């Protein structure tokens, strides 16, 4: 379980294909603090650390993960947002994030404003019920607030701190980002659908 508050950024060092899987070595300033079998969010994807070396850690993405996220597009030297799981005795500064990416969203526009940035994203209409005005959304692991929401688009505003300390700074129009919708909205949608089926 995560919060969407990015802890640091890592750099993709090497990528190796093993069958239908992709194996990534990530270099970061917290890699030496990680342990094997630990769940860590990488661009919002919950991946398990399976090997360690000084200053770097290894994770593996299976075919299912590669098909639903932007991990299949990662390249050597790419910056990756990293967050360790949240402690149960701490404050929840973002929102509840599982690290279970639902899909990718397409960046349609980036606006540079005075002291902030606005990003417009398009997503699959089948998720429309999970997006609400001023609701939480997780993009590349970053907890953000959506506004100007339609059935298939929304905007987020990014403050300087978030811009400087996450890889949102590299997102341009035409790029894909990982998107995880609010877990509370998912449960509400599920309960509503089951209620309709039981009638």
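Numbering (this note's numbering), first residue to last: 225 to 423.
Built from N, CA and C at the ideal position, the CB exists for glycine as well.
Owing to the predicted nature of the structure, the values given are computational and were not obtained by experimental measurement.
message = Measuring CB atoms only, is the stretch 227–234 touching the stretch 282–299, in the sense that at least three cross pairs come out at less than 8 angstroms?
response = no
Secondary structure, beta strand (DSSP E): runs of 3+ residues fully inside the stretch 225–256 = 232–242 and 245–251
ask   = Are residue 404 and residue 317 closer than 8 angstroms when you measure CB to CB?
value = Against the chain shown, residue 404 aligns to sequence position 180. Against the chain shown, residue 317 aligns to sequence position 93. No. Outside cutoff.
Residue 375 burial status per 10 Å Cβ neighbour count (16 or more: buried) = Locating residue 375 in the chain shown gives position 151, where the first residue counts as 1. Exposed.
Three-state secondary structure (DSSP) of residue 272 = Walking along the chain shown from the start, residue 272 turns up at place 48. Residue 272 falls in the strand class under three-state DSSP.
ask   = residue 351 by DSSP, collapsed to three states: which one?
value = Here residue 351 refers to the residue found at position 127 when the chain shown is read from its first residue. Here residue 351 sits in helix by DSSP.
key: residue 416 - containing alpha helix (DSSP H), residue span   = Along the chain shown, read from residue 1 onward, the residue named residue 416 stands at position 192. It spans 407–421 - the alpha helix (DSSP H) in which residue 416 sits, taken as one unbroken run.
key: Element boundaries [alpha helix (DSSP H), containing residue 324]   = Reading the chain shown from its first residue, position 100 is the one you call residue 324. Counting along the chain, residue 324 falls outside any alpha helix (DSSP H), and DSSP gives it neither H nor E.
inquiry  = Strictly by DSSP, which residues pair up with residue 335?
reply    = Position 111 of the chain shown, counting from 1, holds the residue named residue 335. DSSP output for residue 335 lists 342 as bridge partner(s).
task = Assign residue 261 to one of two classes, buried (16 or more other C-beta atoms within 10 Å of its C-beta) or exposed (fewer than that).
result = Mapped onto the chain shown, residue 261 falls at position 37. It counts as exposed.
key: Identified DSSP bridge partners for residue 263   = Here residue 263 corresponds to residue number 39 of the chain shown, with the count starting at 1. Paired residue(s): 272.
inquiry  = Considering Cα atoms alone, identify which of 343, 395 and 408 is closest to residue 355.
reply    = Here the question's residue 355 lines up with position 131 in the chain shown. That would be 408, whose Cα lies nearest to the Cα of residue 355.
ask   = With DSSP run on the structure shown, which of helix, strand or coil describes residue 290?
value = Counted from its first residue, the chain shown places residue 290 at position 66. Residue state, collapsed to three classes: helix.
task = Determine the DSSP secondary structure at residue 301, reduced to helix, strand or coil.
result = Position 77 of the chain shown, counting from 1, holds the residue named residue 301. In this structure, residue 301 counts as coil in the three-state DSSP scheme.
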